[in-house]
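Enquirer: Sharing a structure, written as structure tokens. Questions coming.
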Amino acid sequence: MTRPISITKTSQSKLSSVDFDNIPFGKVFSDHMFIADYKDGEWQDLRIVPFGPMEMHPAMMGIHYGQSIFEGMKASKMADGTPVFFRPEMHAKRINRSAERMCMPTFPEDTFVQALHELVGLDANWIPPHEGSALYIRPIMYATDEFIGVKPSNTYRLLIFTGPVGPYYPKPVSLITEQKYVRAVRGGVGEAKAAGNYGGSLLPAKIANSKGYDQVMWLDAHEFKYVQEVGTMNLFFVIDDVVVTPSTNGAILKGITRDSILAILREKGYPVEERMVSIDEIVSAYKAGKLQEAFGAGTAAVIAHVSKIEHDGFLMELPPMEDRKIGPMLKDEINGLRSGRLDDHYGWVVPVKTAEAVAI
Ligand SMILES: *Cc1c(COP(=O)(O)O)cnc(C)c1O
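For what it's worth, my numbering labels the leading residue of the sequence shown as 470, then goes sequentially.
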């Protein structure tokens, strides 16, 4: 069902002040944002307004008790200039799964996708043209009751705002396993993109940095034995020509990049296993010379190759980039679908309805 979304356009676009060849990540925001407010049991006052700061009551519950969730997705331009989303309905579904876990109201999925089209259609000129560049889209929902006391809020706000990001050329990342802190526990909120998960990961990440590593490799919370994720990405290994990724068992965020990778690999006939993966298995594979690749997968980087992993004082140096096949193939495949260089027979690439089409 489409719902009326009122649009107030900015009188002063900031677009001309942006250098698309040199965009600092996460600091530049486009002209408009979408807002919807939940009160009296329904989402109301759906609107697109000029992007800018908002007033906040000091007792706003979302910042006290953690009813705050988000999404991260991208719109990009195909080589012929057509703006596209990548699997937008999957993000609509996932924000609702996060909402349910955090005792927040869901937002109608078709209206979420409609809001994406209208917002990004309006700011389509903000999508950088180069392959690998994108308009990053950040939906966020948080509790807005002005109240001190732990209970579910009665009111919420959903915001969607965007900002251009340059191509992400991460150098391979170095990892260290974490044996004191955990990211998520089965039964907890690790499957939700809940704000607190990221707050909790910062101290261990800082400790990993101080030891000279880029990111933490998270182990399970019960035995510190099974690998889960890396930083804020899902984790893949190539062991003896088999692609292995930890099964999502309640403590792992179900990444849309992860899901896309599994579909691509299965379709191409690569052997793939989704199962529990112990750190001991990784160490044994390494010692036997069978650990060929490791990489993280997520919307921001698509694929982040792992250069080395330290576990319990033992350092594993992975093969050089030129010996890796599967990670680079996957990155090329996903970027190729987004740019229109490869034919999208999956139905993942969704053209953005332009402002003119939306107005009809
Ligand atoms: C968002 C996220 C991912 C990756 O999900 P994508 O949908 O692929 O971007 C993986 N792990 C965590 C913890 C995340 O927050």
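Heads up, the beta-carbon is just placed ideally off N, CA and C, and yes, glycines get one too.
Here the structure is a predicted model, which means the values were calculated and not measured.
State the beta-bridge partners of Ile778 as determined by DSSP.
Expert: In DSSP, Ile778 forms a bridge with Leu644 and Met785.
Enquirer: Exposed or buried, which one is Ala677 when buried takes at least 16 other CB atoms within 10 Å?
Expert: Burial call: buried.
Enquirer: On a CA-only basis, which of Arg472, Tyr682 and His774 is nearest Pro641? Give me that one, please.
Expert: The residue with the shortest Cα to Cα distance from Pro641 is His774.
Enquirer: Helix, strand or coil: which one does DSSP assign to Trp595?
Expert: Helix, per DSSP.
Enquirer: Which whole runs of the beta strand (DSSP E) in the segment 626-700 are 3 residues long or more, in chain order?
Expert: Runs of the beta strand (DSSP E) inside the segment 626-700: 642-646, 684-688 and 696-699.
Enquirer: Please confirm if the segment 499-509 is in contact with the segment 517-525, defined as three or more CB-CB distances below 8 Å between the two stretches.
Expert: Cβ pair count under 8 Å is three or more, so yes.
Enquirer: In whole angstroms, what separates the C-alpha of Val699 from that of Ser480?
Expert: Answer to the nearest angstrom: the Cα atoms are 43 Å apart.
Enquirer: For Gln648, collect the residues of the same chain with a Cβ closer than 6 Å to its Cβ; drop the 5 residues on either side in sequence, then sort them by chain order.
Expert: Taken in chain order, the residues that qualify are Phe693.
Enquirer: Look up Ser747 in the DSSP assignment and say whether it is helix, strand or coil.
Expert: Of the three classes helix, strand and coil, the one that applies to Ser747 here is strand, per DSSP.
Enquirer: Could you tell me whether the Cβ atoms of Ala663 and Ser567 are closer together than 9 Å?
Expert: Cβ distance < 9 Å, so Ala663 and Ser567 count as in contact.
Enquirer: On a CA-only basis, which of Ser753, Met686, Tyr650 and Leu515 is nearest Ser475? Give me that one, please.
Expert: Per the Cα distances, Leu515.
Enquirer: For a test of your reading of the model: does the CB of Lys562 fall under 8 Å from any non-hydrogen atom of ligand 1? Yes or no.
Expert: False, no ligand heavy atom lies under 8 Å from that Cβ.
Enquirer: Mind checking Ile829: buried by the 16 CB within 10 Å criterion, or exposed?
Expert: Unreliable placement is indicated for Ile829, whose pLDDT of 43 sits below 50; the coordinate value is still reported in the next sentence. Classification for Ile829: exposed.
Enquirer: Is Phe576 helix, strand or coil by DSSP?
Expert: It is coil, neither helix nor strand.
Enquirer: What did DSSP end up calling Asn703 once you bin it into helix, strand or coil?
Expert: If DSSP states are grouped into helix, strand and coil, Asn703 belongs with the strands.
Enquirer: Is Glu698 near ligand 1, judged by its Cβ being under 8 Å from some heavy atom?
Expert: Yes, since a heavy atom of ligand 1 falls inside the 8 Å radius drawn around the Cβ of Glu698.
Enquirer: Is it the case that the segment 756-772 contacts the segment 702-709, given that we only count it when at least three CB pairs across the two stretches are under 8 Å?
Expert: Because the criterion of three Cβ pairs below 8 Å is met, the segment 702-709 and the segment 756-772 touch.
Enquirer: So does the segment 802-809 actually touch the segment 546-553, counting three or more Cβ pairs closer than 8 Å?
Expert: The segment 802-809 is in contact with the segment 546-553.
Enquirer: With distances taken between CB atoms, is the gap from Lys543 to Ile606 smaller than 9 Å?
Expert: Yes, the pair counts as a contact, with Cβ atoms nearer than the cut-off.
Enquirer: CB of Tyr534 to nearest heavy atom of ligand 1: below 8 Å?
Expert: No; taking the cut-off as 8 Å, the Cβ of Tyr534 has no heavy atom of ligand 1 nearer than that.
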